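In terms of this note's numbering, the sequence shown is residues 33 to 274. Where a beta carbon is used, it is the ideal one built from N, C-alpha and C, also for glycine. If you're wondering where the values come from, they're calculated on a predicted model, not measured in any experiment. Structure, as structure tokens:
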Amino acid sequence: GKMRVELSIFAKKRFMESLLRRLKYYGVGFGIGTVFVIFFFQNRGCSWTPSNRVKNAILDRLIVVSDSTKAQMDKKNITYNSIINALNDGDVEFTKSDKSKKDKLYVIERKDQSFVFSLPDESFISEVFLGDAINGISATKKGSGTIIRVPKDENMIYAEEGERIACQQEQLGLISTKKIYERLKSSGRINFEKSDLSVRPKPEHYITIINKGDTIGMTMIWYKTKLNISTFHHSSLELCDR
């Protein structure tokens, strides 16, 4: 009986030693793996890092460049690709950014280029500015800008229900919201003067697209994950108001 008890204690001791050894190896392996993921993939899809959370928030919106900023870019030979590359593998400079207000500004640097990206509250756009300082930067309110990137979601456009909107879509030949999405990707622009990002509860955006050679305006808000069209603008749509 005594020998059996001693063997049982010995077996338990061996089991605990084996378990602790395995847990130690697992912990070391997990730690190395975590460091590996953070170091090598910090800009390649790990959305839980602070830097990538900021980048994903920007990439979830329409990225726009005003005509005045584009003129500055042309003088410095900076292309739209430089902006996208900064979002792909640039560094978010949190100490230079302003995340304390509702309308946030983030500085992202890549090599010798720096950009400021805005995240206006409840807005579906992120406007890009040149430089690494946020002082003096405010949302553009005059002129127009180019939409240089649209999120990869062909179902993100939604037209409000109702006879008037249905009439407008039929007149324009834009019944399919996926067709509107494609036009937004290929020719989308924002009219800053006709937009009002201060409106509450949702900022209003005036977005234009080219359809069959015509410029079509759309008043839109961001509702949940959708870009919601409340009305279209074109001279041919007077019939829908009768």
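One alpha carbon belongs to I166, the other to W254, and they sit about 25 Å apart.
For N113, there is no enclosing beta strand (DSSP E); the enclosing alpha helix (DSSP H) has its first and last residue at Y112 to D121. A direct Cα-to-Cα measurement between K102 and S170 gives close to 16 Å.
Residue E159 holds the alpha-carbon nearest to the alpha-carbon of I95 among E159, G194 and S146.
DSSP places E186 in no alpha helix (DSSP H); its state is neither H nor E. Residues of the same chain with a CB within less than 6 Å of the CB of S98, apart from the 5 flanking positions on each side, are T172 and G177 in chain order. About 17 Å separates the Cβ atoms of E192 and K210, ruling out a contact at the 8 Å cut-off. Straight through space, the alpha carbons of I90 and T127 are spaced by roughly 18 Å. Annotation: G205 to N223 spans about 22 Å, alpha carbon to alpha carbon.
Bridge pairing for G249: T240 and H265 [DSSP]. Around the beta-carbon of P233, fewer than 16 other beta-carbon atoms lie within 10 Å, marking it exposed.
When the alpha-carbon of L162 is set against those of Q104, F264, N84 and G249, the nearest one is in Q104. Taken through DSSP and simplified to helix, strand or coil, R85 comes out as helix. Beta-bridge partners assigned by DSSP to R221: T178 and T240. Membership of K102 in the alpha helix (DSSP H) is indicated by the continuous run D99 to K107.
Pairing S150 with D135, the inter-Cα distance amounts to about 7 Å. For I197, the enclosing alpha helix (DSSP H) covers residues E195 to L204. Under DSSP, V124 forms a beta bridge with I140.
Annotated as distal: S262 and T247, with beta-carbon spacing of 9 Å or more. Sequence-distant partners of N117 (beyond 5 residues in either direction) whose C-beta falls short of 7 Å from its own C-beta, in its chain, are R142. The beta carbon of D130 sits closer than 7 Å to the beta carbons of K136, L137 and I166 from its chain, once the five residues preceding and following it are set aside; these are given in chain order. For S150, the enclosing beta strand (DSSP E) covers residues Q145 to L151.
Beta-bridge annotation (DSSP): Y190 is paired with N260.
Separation of the CB atoms of Q203 and S267 is rounded to 10 Å, and the pair is thereby denied contact status at 8 Å.
Less than 9 Å divides the Cβ of D164 from the Cβ of S146. In this structure, DSSP gives I90 a helical state, which the three-state scheme calls helix.
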